Amino acid sequence: MRGTWQELLHHTITLPRAQQFGTIQQWRTERNEQQLEAWNSAFGPASLYEAWAQLPLMQGLYKSNRTVLRRVLDGRSSWHVVEIGGGNGALWQHFFSTQEQGTFTLIDPQPEVHAAVAARLPENITFHSIVAPVEQASIPEADALICSLTLHHIAGLDRAQRRSFGFTGDGKQEVLQRFVQALADRQGVGILNEADCYNEIDLPSRDPVLIEHFLDVYVRRAAMAVATALETEVDEGLRNRWEVILQHWCLDQIEHALVARAERDVYELDVVHWLTLLKQAGAQLQNHQYTDEWYLFQQYIFYSDKVLAPLLKRYP
Numbered sequence: 018m019r020g021t022w023q024e025l026l027h028h029t030i031t032l033p034r035a036q037q038f039g040t041i042q043q044w045r046t047e048r049n050e051q052q053l054e055a056w057n058s059a060f061g062p063a064s065l066y067e068a069w070a071q072l073p074l075m076q077g078l079y080k081s082n083r084t085v086l087r088r089v090l091d092g093r094s095s096w097h098v099v100e101i102g103g104g105n106g107a108l109w110q111h112f113f114s115t116q117e118q119g120t121f122t123l124i125d126p127q128p129e130v131h132a133a134v135a136a137r138l139p140e141n142i143t144f145h146s147i148v149a150p151v152e153q154a155s156i157p158e159a160d161a162l163i164c165s166l167t168l169h170h171i172a173g174l175d176r177a178q179r180r181s182f183g184f185t186g187d188g189k190q191e192v193l194q195r196f197v198q199a200l201a202d203r204q205g206v207g208i209l210n211e212a213d214c215y216n217e218i219d220l221p222s223r224d225p226v227l228i229e230h231f232l233d234v235y236v237r238r239a240a241m242a243v244a245t246a247l248e249t250e251v252d253e254g255l256r257n258r259w260e261v262i263l264q265h266w267c268l269d270q271i272e273h274a275l276v277a278r279a280e281r282d283v284y285e286l287d288v289v290h291w292l293t294l295l296k297q298a299g300a301q302l303q304n305h306q307y308t309d310e311w312y313l314f315q316q317y318i319f320y321s322d323k324v325l326a327p328l329l330k331r332y333p
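Following the working numbering, the numbering of the sequence shown begins with 18 at its first residue and continues without gaps.
Dropping the structure here:
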């Protein structure tokens, strides 16, 4: 088939759903391969991650997060922000003023991420670096804690579910519990961003339900969002990188539905399951909403249940 990405995707998602996976696999063999940059492996101006951060999909997420963070930090002196999973630091570009005083702690297993985030912060912000997966890190007390598109890499709702499938260590609930504890004493606010889709370890590899869920999140929403952005006026270099993102960071993701559980890498939850986990972790939910028109990313704003709700009425 020939045509724009938007036309090809539109044709595919109007097929019977049972035919869509095979159709996309055929596309991927017909399309010319382009140089692949692995996720979270490069963060410079010409990187795929830099192009990813410029997509309207991500710009909406950054804008929504900045709005909440500004409301949380304004009026607080000597604040402490903790970020879990920093990406290329685009969230913080021009966010802090040169007059603010505060401490910023980043928790991420990739040293390159720490360098990228630190470069976005002004000198008046004290930067602390914890190079470790969040499951292994000690999370300090925080006025604001933000975790974006990170927890879906942890398999399992909780430690018990992980154990039932042969995994060890903490699941998502235990990590969320540590988030909530980090917010309690400072009456802090947490922000969690994750895709709204269920691909947890209880769905076995090659299960038609799992394949359908991967198609929904990575093709009908993520790939269509990128394809739509490709129809706008952007420079050729950015357009080329968006095409690579569409092919390798969206369409290629459906192959995760075919691999063994331990190799899947993405274990996403839908909104209902995230809301349940947050409650079980001792979090009080202040608000949750989609941050993009494709209804891909959901933002959850929460605080410790030790904090009285009226304290946060100023954070609508």
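Yeah, the Cβ is synthetic: ideal placement off N, Cα and C, and Gly gets one too.
As the structure is a computational prediction, the values presented were derived from the model and not from experiment.
Proximal residues to residue 109 (C-beta, below 7 Å), its chain only, five neighbours per side dropped: 134, 137, 138
Note to self: Taking contact to mean 3 or more Cβ pairs, one atom from each stretch, closer than 8 Å, check whether the stretch 287-307 and the stretch 181-194 are in contact.
What the structure shows: yes
### Task
Over the uninterrupted beta strand (DSSP E) stretch that includes residue 142, give me the two end residues.
142-148
*According to DSSP, what are the bridge partners of residue 99?*
122, 162
Requested in this report: Would you tell me roughly how many angstroms separate the C-alpha atoms of residue 241 and residue 260, rounded to the nearest one?
Outcome: 12 Å
Check: For residue 206, which beta-bridge partners are listed by DSSP?
Finding: 161
Evaluate residue 94 with the Cβ neighbour count: other Cβ atoms within 10 Å of its Cβ, from every protein chain shown; 16 or more gives buried, anything less gives exposed. exposed
Excluding five sequence neighbours on each side, which residues of the same chain lie with their C-beta closer than 7 Å to the C-beta of residue 102?
-> 125, 164, 165, 166, 167
Q: Counting only the same chain and skipping the five closest in sequence on each side, list residues whose C-beta sits under 7 Å from that of residue 323.
A: 201
Please confirm if the stretch 138-154 is in contact with the stretch 66-82, defined as three or more CB-CB distances below 8 Å between the two stretches. no
Query raised in the report: In chain order, what residues of the same chain lie with their CB nearer than 8 Å to the CB of residue 218, ignoring the 5 residues before and after it?
Result: 172, 173, 178, 179, 182, 184, 278, 281, 284
*beta strand (DSSP E) segment containing residue 194, residue limits*: Not the beta strand (DSSP E): residue 194 falls in the alpha helix (DSSP H), residues 189-201.
| said: I need the straight-line Cα distance from residue 251 to residue 76, nearest angstrom please. | reply: 15 Å
inquiry  = Could you tell me which whole beta strand (DSSP E) segments of length 3 or greater appear in the stretch 244-309?
reply    = 300-307
Query raised in the report: Does the Cβ-Cβ distance between residue 210 and residue 314 come in under 8 Å?
Result: yes
Checklist entry - Under three-state DSSP, which class holds residue 9? => result What the structure shows of the chain is the stretch from 18 to 333, and residue 9 is not part of that stretch, so it cannot be assessed.
Next on the checklist: Suppose the cutoff is 7 Å on Cβ atoms and the five residues either side in sequence are ignored; what does the same chain contact list for residue 32 look like?
Outcome noted: 40
(request) Pull up the distance between the alpha-carbon of residue 246 and that of residue 72, whole angstroms please. (result) 7 Å
Requested in this report: Please go through the same chain and pick out, in chain order, the residues whose beta-carbon is closer than 6 Å to the beta-carbon of residue 130, but skip the five residues on each side of it.
Outcome: 103
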